[in-house]
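For reference, the structure discussed in these notes is given below.
There are 2 protein chains.
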Amino acid sequence: MRVAILGVGTVGASVANILQKNAGIISARAGEKIEPVVGVVRDLSRDRGVSIPLTDDLQSVLDRDDIDVYVELMGGVDSAFAAVSKVLKKGKSVVTANKAMLAYHRYALEKLAKDSSFGFEASVGGGIPIIKALKEGLSANHIKKIVGILNGTSNYILTQMMDTNADFHEALKKAQDLGYAEADPTFDIEGQDAAHKLLVLSSIAYGTHGNPEDILIKGITKISSEDIFFAKDFEYVIKLLAIAKVNGDKAELRVHPALIDKDNILAKVGGVMNGISVFGDALGESMYYGPGAGGDATASAVIADLIDITRGNKNPMLGYNSPVNALKLLPISDIRTKYYLRVKVEDRVGVLAKITNVMSENSISIDSFLQKPRNKEEKYTTLFFTTHTCKESDVKRVMDILERTEFVVNRPFMIRIES
Amino acid sequence: MRVAILGVGTVGASVANILQKNAGIISARAGEKIEPVVGVVRDLSRDRGVSIPLTDDLQSVLDRDDIDVYVELMGGVDSAFAAVSKVLKKGKSVVTANKAMLAYHRYALEKLAKDSSFGFEASVGGGIPIIKALKEGLSANHIKKIVGILNGTSNYILTQMMDTNADFHEALKKAQDLGYAEADPTFDIEGQDAAHKLLVLSSIAYGTHGNPEDILIKGITKISSEDIFFAKDFEYVIKLLAIAKVNGDKAELRVHPALIDKDNILAKVGGVMNGISVFGDALGESMYYGPGAGGDATASAVIADLIDITRGNKNPMLGYNSPVNALKLLPISDIRTKYYLRVKVEDRVGVLAKITNVMSENSISIDSFLQKPRNKEEKYTTLFFTTHTCKESDVKRVMDILERTEFVVNRPFMIRIES
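Chains A and B, in that order, are what the protein sequence lines are. All the letters of the first sequence, read from the start, carry residue numbers 249 to 667 under our numbering. All the letters of the second sequence, read from the start, carry residue numbers 249 to 667 under our numbering.
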C-alpha cells in the first residue's frame, strides 16, 4: 500500500519514520507492506528529519495515480477539505487527524468516502483508540453519555493550578516553556479544540449535526486561585470537560470547566494526558486514558487506521446507527446542571441573607456554602455557593442581579458541577 | 445471523436479552439482524429469565445446520473445548468468554478457526474492549509492557483493606456477602483467573505459548494489615497485578500482589473494576478501565464480537505479528524486580545490624526501612524493608536464612514492587 503524507510536521514525520522503523510488525499485522512514498510540505528548506522524498507541489501529489491512501495532516479547514475531497472523489482512501475539518465537514466527507475508506482515529485523543472503542468495542450499547478530557494543554494548566497553587498565568507560562501550549494558546484554553473533538465523538454516538458555533463552549482562563481553594476544600477537582449526553430525545453537548468529585476516575487524568469516559446501557462506564497529543502517539493512531484499511475492515463512518437514534442538539438554554458560584462582597451585616433571598426568589436552591476566612488586610470577602440542579438561565439571572447589587464586587463567577 | 448460546447463566441471559432489547441499533450497526435462536442449559427446570427456546441437548444444537455463530459460555476447559472444536471444524464461527479454555487451548483453537471467525473479547476485562485495542488500536506499536488489574474480586478485597483497614478475611466476607466473591473464592484470590487472562493478552502481544503452570502466580491471601500500614505510610497502593513485558528476547509473565505508587493511574482502579495499562513504543502508556465482570458488561463484549463478524472484520487471532516477535517465556528464576520485606522480630539490641548484614552478604541493597512503633503489649516488633532491583532467588535465600535466625518470628513476608 503506497501512502502520501500531506503535511510533514511533528506527526507527519513520526508517521513516515514509524512506518519504516516498525515495518516488520506493521507488514506482518497488515498482511502487506505500507510504504510512505512522498511527503508534501510548504517550505522545502526546513529539515523534517525524514528519509522519504518531499515536495511542495500539493496538486501534483493529489493527481498521482500510484498513491493508495492519503494521510492528511495539513491542518486548517478549507484547504484540507478541498485536498481530501479531490482524492476521495477519485476513490482513494484517506486517513486524517484533522478535527477542525471534521467539525465543519464531517458529513460531507462521509458522503464523499462512500466508495473508499476514511479513517480519523487520530482526530480525538491522540493515540487513544477511542473512535474504535465507540464504533466497534461498544457497538452493543446505547451510548448514554460521553465525558472527555480532550485537551492536554488545558489539562496541564489546571493540573498545575491544583497541584502547585500556581495561578492561571503562571501555569500557562510553564506550559508554554515546556512546549505544551502554543505562543497563541487561545484555541486550546478557550475550549475550541475540545469542542471540535466532541462533535466528532457525538456524531459517532448520536449522529448529531451542527458546528462548534451551535454548542456551549467555555474556556478555563477565568479560573482563579480562589476556585482552586474551594475545590480542594470540598474535595473536587477542576477539569475542562467535553460532554455529550442523551437528554430526552435530544443530544446535549457542552464544553466547559467543571468541578468533579476527586474520586471520579477522570479526576486522576493529570498533566497533558487525555481521558474519555463512555457510559453504555449494557457496559456501564468504561474509560480510555493516554497521551492526547505528540508526534509518535498521534502517528500510532494514524498507522492503526492504515492497517485497518489493508485488512479491509469496513466500518461506517459517522452516526452509523442512525436513523435509529440520530439526535438533534439540545438548545443551550435548556441545559440543567449543578453550579458553583463565587461572589466577592463587602463584609457587612445582612449580605448573606440578601444573596440567599435573591437565589430562592429565582428558584435556585443552595446545596453548600463556604465563606473564605478573610485576613485583616483584605477589604472584601468571598462567598462560595454550590446549588442543586437548576436551569442555567436562572443562574445567569441571579448573576446579573447580584452584579448590580451595591455590596457585590465584580460580576459573580460560575463553574458547572458534573457528578 | 442466527446465534446459539451454549450456557445461559448470567452472561448468556444478558446476551439473549440485549440482542432483543437493543435489536434496533444492533442491526443498524451490524447491517443485518443478529438473532439468538436457542440456548443450551444443563438444568431446564431453572428459570433463566430469557424468552429464547432452551434445551439441555448440547449435541443436537452442535449438529444443527441453521446456526451461524456459537456463543460459548459453558465455562470449564475440556468440555467447552470439545464443543467449540466440533463446530469450528464445520466452519462455524465462535464467540467465547472462556479464558480457562483459552489459557490451555488457544493455539489449537486458532488452527481450527482458520476458515471462520473466533471472537474472545469477553475473555479479558469483561466489557472493556482491550483485545480490540491490542489487536487493532495499537497495531502500529511494539508492545513493551502490559500491566493489568484483571480480577475484580481480588481488587475489591484489596480496595476494602486499603480504604477501611479491614483484614483479609473481613474483606473477603464482605465481598462474598455482596456477591463479588464466590463461596469458594480460591480461583480469584490465588491469581489463577488473572493468569488465564494474562496468557490471552500476552499471546496477542508476543505470541507466547505456555500454560498457567509455566508462569509465576501468587495470590493475595497473605497480605496483612501491617502491609497495608506500610503501603499507606510510604504512599503505595497494593494491587494484584498481571504483568507481561519484553525482557531481552523473552516475555516475562507474572501474576502477584504488588506495591505501586499511589499516583500510578492503576492505583485509581478501585473496587471490582478492572484496568489495563499497555505500553507501546509509539503510543507510550494507554490505560483501559471498566467493569471486568457482570452479565450485561460481559455481554457487551460478546455482542461486539458478533457485530464484528457480521461486518466481516477479519483480524488474526493470536501472536498475529509472529514470527516477527514471538517470544519464549522468561524462566521464573530470572525475574528481577524491587521487593518489600516484612520481618517480625524480638525487639532487642543488634537485630537490625544482623538483618542488614544478611542482606548485603546476599547482594541485596536496601532502598528504605521502617520500624513500626510497638505498643507495650506487643512482645515482638515488625521491621519493613524495600530493596533496589535484585534477583528473586537472592531475596528467597535471605528469607530462608532469616527464617532460621533465632530472633526472627515466623518466615519473613515479601511483596514485589512494580514501578
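Ideal Cβ placement from N, Cα and C applies to all residues, glycine included. Quantities reported herein were computed from a predicted structural model and do not represent experimental measurements.
Straight-line Cα distance separating residue j from residue i
i         : j         : result
Asn623(B) : Ile437(A) : 54 Å
Lys516(A) : Met565(A) : 31 Å
Glu384(B) : Ala552(A) : 6 Å
Thr412(A) : Gly519(A) : 12 Å
Asp425(A) : Asn389(A) : 43 Å
Ile405(B) : Met521(A) : 29 Å
Ala530(B) : Asp648(A) : 50 Å
Leu321(A) : Ala443(A) : 19 Å
Ile394(B) : Asp509(B) : 17 Å
Gly255(A) : Gly287(A) : 7 Å
Met349(A) : Glu418(B) : 56 Å
Glu642(B) : Thr653(B) : It is worth fixing the name first, because residue 642(B) is Asp in this sequence and not Glu. Whole-angstrom Cα-Cα distance: 17 Å.
Asp511(B) : Ala541(B) : 25 Å
Glu625(A) : Lys592(A) : 15 Å
His353(B) : Asp363(B) : 18 Å
Lys337(B) : Gly560(B) : 19 Å
Gly439(B) : Ala328(B) : 22 Å
Gly260(B) : Gly297(B) : 10 Å
Phe527(A) : Thr344(A) : 26 Å
Ala252(A) : Ser299(B) : 53 Å
Asp326(A) : Val550(A) : 21 Å
Leu449(A) : Leu589(B) : 48 Å
His457(B) : Val657(B) : 41 Å
Buried versus exposed call for residue i [16 or more other C-beta atoms within 10 Å across all chains shown]
i         : result
Ala601(A) : exposed
Phe617(A) : exposed
Val475(A) : Val is not the amino acid found at residue 475(A); the sequence shown has Asp there. So Asp475(A) ends up on the buried side.
His504(A) : buried
Lys340(B) : buried
Asp481(A) : exposed
Leu292(B) : exposed
Glu461(A) : exposed
Gln408(B) : buried
Ala330(A) : exposed
Glu500(A) : buried
Pro301(B) : exposed
Ser473(A) : exposed
Tyr587(B) : buried
Gly272(B) : exposed
Lys644(A) : exposed
Asn459(B) : exposed
Arg290(A) : exposed
Pro433(A) : buried
Thr303(B) : exposed
Gly396(A) : buried
Proximal residues to residue i (C-beta, below 7 Å), its chain only, five neighbours per side dropped
i         : result
Thr258(A) : Gly543
Gly598(B) : none
Val646(A) : Val606, Met607, Asn610 and Ile612
Asp305(A) : none
Residues near residue i in its chain [Cβ-Cβ closer than 8 Å; skip 5 each side]
i         : result
Met249(A) : Ala278, Glu280, Lys281, Ile282, Glu283, Asp316, Val317, Leu554, Ile557 and Thr558
Close Cβ partners of residue i (< 6 Å) along its chain, the five nearest in sequence each way excluded
i         : result
Ile580(A) : Leu464
Cys638(A) : Ile612
Ile513(B) : Met535
Ala545(A) : Gly374, Gly375 and Pro539
Arg584(A) : Thr637 and Lys639
Lys445(A) : Lys347, Val372 and Leu398
Give me the subset of the segment 344-366 of chain B whose CB atoms are less than 8 Å from a CB atom of chain A, sorted by chain position.
Only those residues of the segment 344-366 of chain B whose C-beta falls short of 8 Å from the nearest C-beta of chain A would be listed, and there are none.
Can you give, in chain order, each stretch of the alpha helix (DSSP H) that sits fully within the segment 460-525 of chain A and has at least 4 residues?
As summarised for the segment 460-525 of chain A, the continuous alpha helix (DSSP H) elements at least 4 residues long and confined to that stretch are 473-481, given in chain order.
With a floor of 4 residues, list each alpha helix (DSSP H) that falls wholly inside the segment 303-354 of chain B, ordered by position along the chain.
Segments of the alpha helix (DSSP H) lying fully in the segment 303-354 of chain B: 306-311 and 326-337.
According to a CB-to-CB cut-off of less than 7 Å, which residues of the segment 511-537 of chain B neighbour chain A?
Taking 7 Å as the Cβ-Cβ cut-off against chain A, the residues of the segment 511-537 of chain B that qualify are Ile513, Lys516, Gly528, Ala530, Leu531, Gly532, Glu533, Ser534, Met535, Tyr536 and Tyr537.
Could you list the residues in the segment 377-402 of chain A with a C-beta less than 8 Å from some C-beta on chain B, going in chain order?
Result list: Pro377, Lys380, Ala381, Glu384, Gly385, Leu386, Ser387, Ala388, Asn389 and His390.
Interface residues of the segment 544-558 of chain B facing chain A [CB-CB below 7 Å]
Per Cβ criterion, the list reads Asp544, Ala545, Ala547, Ser548, Ile551, Ala552, Ile555 and Asp556.
At what residue ranges does the segment 618-667 of chain A contain a whole run of the alpha helix (DSSP H), taking only runs of 4 or more?
The segment 618-667 of chain A contains these whole alpha helix (DSSP H) runs: 640-651.
According to a CB-to-CB cut-off of less than 7 Å, which residues of the segment 249-264 of chain A neighbour chain B?
Look at the segment 249-264 of chain A: it has no residue with a C-beta under 7 Å from a C-beta of chain B.
For the segment 295-320 of chain B, which residues have a beta carbon sitting closer than 7 Å to at least one beta carbon of chain A?
Shown here is that no member of the segment 295-320 of chain B has a Cβ falling below 7 Å from a Cβ of chain A.
Closer than 8 Å, Cβ to Cβ, to anything on chain B: give me those residues from the segment 473-501 of chain A, in chain order.
Cβ contacts with chain B: none found.
Which whole runs of the alpha helix (DSSP H) in the segment 427-453 of chain B are 4 residues long or more, in chain order?
Every alpha helix (DSSP H) stretch that sits fully inside the segment 427-453 of chain B and reaches 4 residues is listed by chain position as 434-437.
Any residues in the segment 319-335 of chain A with a beta carbon nearer than 7 Å to a beta carbon of chain B? Which ones, in chain order?
So the list is empty, because no residue satisfies the distance condition.
Relative to chain A, which residues along the segment 611-625 of chain B have a C-beta separation below 9 Å, given in chain order?
Of all residues in the segment 611-625 of chain B, none has a Cβ within less than 9 Å of some Cβ in chain A.
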